[in-house]
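What follows is a set of notes on a single structure, which appears directly below.
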Amino acid sequence: MRLQRNILFFLFMFVFGYAQAKNINFKLEAVPLPKAVGMIYDEVLEKPYMLDPKLAADTRLISFHTTENQDFGQFITRYFENMNIKVYEKNGVVYLAHIEPKPAKIIKKSFVYNPIHRDTEYLAQFLQGEGQVSASGDKLVYYGTVEDISRIKSVLQSVDTPSREVVVTGYVFEVQDVAKEGSGINLLAKLLSGKLGINIGYKQNYENFITVNAGNLDAMIELFRTDERFQVVSSPTLRVKSGSKGNFSVGSDVPVLSNVTYQDGRPIQSIEYRSSGVIFDIQPTIKSNVIDLKINQQLSNFVKTDTGVNQSPTLIKRDIVTDVTVKSGDVIVLGGLAENKITEGETGFSFLPKGILTGKSKSNTKTDIVILLQVKMI
1 MRLQRNILFF LFMFVFGYAQ AKNINFKLEA VPLPKAVGMI YDEVLEKPYM
51 LDPKLAADTR LISFHTTENQ DFGQFITRYF ENMNIKVYEK NGVVYLAHIE
101 PKPAKIIKKS FVYNPIHRDT EYLAQFLQGE GQVSASGDKL VYYGTVEDIS
151 RIKSVLQSVD TPSREVVVTG YVFEVQDVAK EGSGINLLAK LLSGKLGINI
201 GYKQNYENFI TVNAGNLDAM IELFRTDERF QVVSSPTLRV KSGSKGNFSV
251 GSDVPVLSNV TYQDGRPIQS IEYRSSGVIF DIQPTIKSNV IDLKINQQLS
301 NFVKTDTGVN QSPTLIKRDI VTDVTVKSGD VIVLGGLAEN KITEGETGFS
351 FLPKGILTGK SKSNTKTDIV ILLQVKMI
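One point on numbering: in full-length UniProt numbering, the residue at position 262 of the sequence shown is 262, and numbering is uninterrupted.
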């Protein structure tokens, strides 16, 4: 504090010696703006002034040095204008007013990019900035600043690369008579351990998901083909890009009754075709060392409707929707689609009247759907 007072005193003494001079040797070092204004107009130029209230709290520091070679008044005016401070004189009073700086004019341009490997919708999601993106057809149009365009060129070069792909080999089995084992996946795990020596780990009841690391799919399929309890329903093979969806279906489109509309007072029954059979949807996402899979497997069929709208068949379906993570070459087993079929019958002699020496029979058959999938990067 004492040093600051000494500096100000020295400056005041210096100014007093040159107060009447138009061209003076004057220097300020890191003096707050309001204090510097007071020193300049009170002590050097000796003019009354009015300071904008916005500038009274301005914390910017003033530093400059003038010599006898410059007009001091013009130098100060030019210095303050560079700080967005307008200096003008009216009726002998100097006014110092704050000027709001004009926003810099932003120049934007259009940039058209022709994708090499990826589609425009995929690339557009990476282009986030101040500009506008239009992804339509086979061209990507970006409207923005030169800086943004330079940035997105670098981004596009990094993301517009060939898509990685996987080959998905699947087998869908319907497993019969699984009541003793609890489920089809339990029976499958038992066969893999006993026949092929694949150690899955012992569990009294497996969940609906098993992973066999680097499993031999062909050996597994051959094993299940020799077991009468396993019936192959479908064996699709799909080649899918990372992030895309693959679909495989085997079945038929069945006409079913839909909405009823009226035309001239007459009812018109519309017919809608619905798919049934084996419907297999899969969406892989390839990462550095693993593959994420979104799987939707549906097994459906239409049966005759006994109650309600008996003119339209009833859709019976079993499906699996799951997300799993595997390594390339792993075999995964999905289960959990169980169904109990109860069959009732009557036994007796055909030559005797009904009710004489007859009996009733009842059988309960449990079936399960088991899916084997092997995913390999290519």
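We put the CB at the ideal spot given by N, CA and C, even for glycine.
Please work out which residues of its chain come closer than 8 Å, Cβ to Cβ, to residue 146, disregarding the five sequence neighbours upstream and downstream, and give them in chain order. 107 and 109
Just curious, the alpha helix (DSSP H) that residue 41 is in, first and last residue? In this chain, residue 41 is not harboured by any alpha helix (DSSP H), its DSSP state being neither H nor E.
Assigned secondary structure, residue 202 (DSSP; H/G/I helix, E/B strand, else coil): With a pLDDT of only 41 at residue 202, under the threshold of 50, the placement of this residue in the model should not be trusted; the figure read from the coordinates follows. Coil, per DSSP.
Using 8 Å for Cβ pairs, my map puts residue 174 next to residue 369. What's the rounded Cβ distance? 6 Å
So what's residue 124 in DSSP terms, helix, strand or just coil? helix
Could you tell me whether the region 91–101 touches the region 51–71, where touching means 3 or more Cβ pairs closer than 8 Å? As far as the Cβ criterion goes, the region 91–101 touches the region 51–71, which means the pair count is three or higher.
Would you mind reading off the limits of the beta strand (DSSP E) that contains residue 218? That residue, residue 218, is in no beta strand (DSSP E); its alpha helix (DSSP H) goes 217–225.
Less than 6 Å between C-beta atoms, sequence neighbours within five positions excluded: which residues of the same chain meet that for residue 31? 62
How is residue 333 classed by DSSP in three states: helix, strand or coil? In the structure shown, residue 333 sits in a strand (DSSP, three-state: E or B).
Take residue 210 as the anchor and find which of 79, 43 and 322 has the nearest alpha-carbon. 322
For residue 271, which residues from the same chain have a beta carbon less than 8 Å from its beta carbon, with the 5 sequence-adjacent residues on both sides left out? 255, 256, 257 and 258
Going by DSSP in three states, residue 259 sits in which element: helix, strand or coil? Looking at residue 259 - three-state DSSP - the assignment turns out to be strand.
Residue 172 beta carbon less than 8 Å from that of residue 371: yes
Which residues in the same chain have their Cβ closer than 6 Å to the Cβ of residue 245, if we skip the five residues on either side of it in sequence? 283
Pull the bridge partners of residue 247 from the DSSP assignment, please. 281
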